[in-house]
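S.K.: Residue numbers (this note's numbering): 143 to 416.
All C-beta atoms, glycine included, are put in the ideal place defined by N, C-alpha and C.
Take a look at the structure:
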């Protein structure tokens, strides 16, 4: 099994998707023109968010209990604990259960916008660990999973980097991707700035998707490049072996491919046994 902190990071990534549910709880009643709440979605969102917060509580507890005496820079440890604490503040629960039901009058829409912005502000510290994960993967520091004894690092499969970028694309689509449908119902006009605005909004999703493809392609190319470098280094060692000096280059390349397959097979066994 991989290090438990790695699984916690993946679970935190899943929890990020739950925050967007709170933004769909307030509804506008078309008959009375009043703000109402979707009770079923509200209950589901609060329960899922509370369960997700337990992951942060567990990490804070373990960090204080097991890692505090190993930390050389105490203020950095406090900063990490503070960021985790901000992530578990029950801002959405308080907003939904306390403020929204009491809103009345014309100012309610402004208050609702402010509370929605407050939820989004808490979204940022929860998103920051995922941003670091993406940066680490895209920089080809493929050291995300560690063995239990942490004596050596395991390489990530190629699909993992692509999956991380796809998840990042989905998360960004919560905000940026929604712009694609914004202003799409406007009537045609000859006003230049209005048409330019619609065009820019319409292509924002396409640009985001191209960004995803670019990151995925770059990651795959870099992974292939690293494999070729490892193979060339191994071939250089084979040329120094007396029994292989006189062999054809194709033979040494076949040995390299077989060794690479054996290494991948051994790595898969390590995933299952550690």
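#1: Starting from the Cα of residue 191, find the closest Cα among 220, 172, 178 and 154 and give me that residue.
#2: Would you mind sorting residue 244 into buried or exposed? The rule is 16 or more other CB atoms within 10 Å of its CB.
#3: Looking at the structure shown, is residue 267 part of a helix, part of a strand, or coil, going by DSSP?
#4: Consult DSSP for residue 350 and reduce its assignment to one of helix, strand or coil.
#5: So, at 6 Å on beta carbons, what are the nonlocal neighbours of residue 229 in its own chain, with the 5 sequence-adjacent residues on each side left out?
#6: In whole angstroms, give me the CA-to-CA distance for residue 196 and residue 232.
#7: Am I right that residue 188 and residue 264 are in contact with their C-beta atoms under 8 Å? What's the rounded C-beta distance?
#8: So the candidates are 173, 186, 171 and 371; which of them puts its Cα closest to the Cα of residue 163?
#9: Can you give me the Cβ contacts of residue 241 inside the same chain, cut-off strictly under 8 Å, excluding the 5 residues immediately before and after it?
#10: Quick one: is residue 181 buried, meaning 16 or more other Cβ sit within 10 Å of its Cβ, or exposed?
#11: Taking all protein chains shown into account, decide if residue 157 is buried (16 or more other Cβ within 10 angstroms of its Cβ) or exposed.
M.R.: Put simply:
#1: It is 154 whose Cα lies nearest to the Cα of residue 191.
#2: Counting Cβ neighbours within 10 Å, residue 244 comes out exposed, since fewer than 16 surround it.
#3: Residue 267: helix per DSSP, three-state reduction.
#4: The answer is helix: DSSP assigns residue 350 an H, G or I state.
#5: Sequence-distant Cβ neighbours of residue 229 in its own chain, meaning closer than 6 Å and more than five residues away, are 198, 267 and 268.
#6: Their backbone Cα atoms lie some 12 Å apart in a straight line.
#7: No, residue 188 and residue 264 are not in contact; Cβ-Cβ is about 15 Å, not under 8 Å.
#8: When 173, 186, 171 and 371 are compared, the shortest CA-CA separation from residue 163 is found for 186.
#9: Excluding sequence neighbours, residue 241 sits near 253 and 257.
#10: Counting Cβ neighbours within 10 Å, residue 181 comes out exposed, since fewer than 16 surround it.
#11: Buried, because 16 or more other Cβ atoms sit within 10 Å of the Cβ of residue 157.
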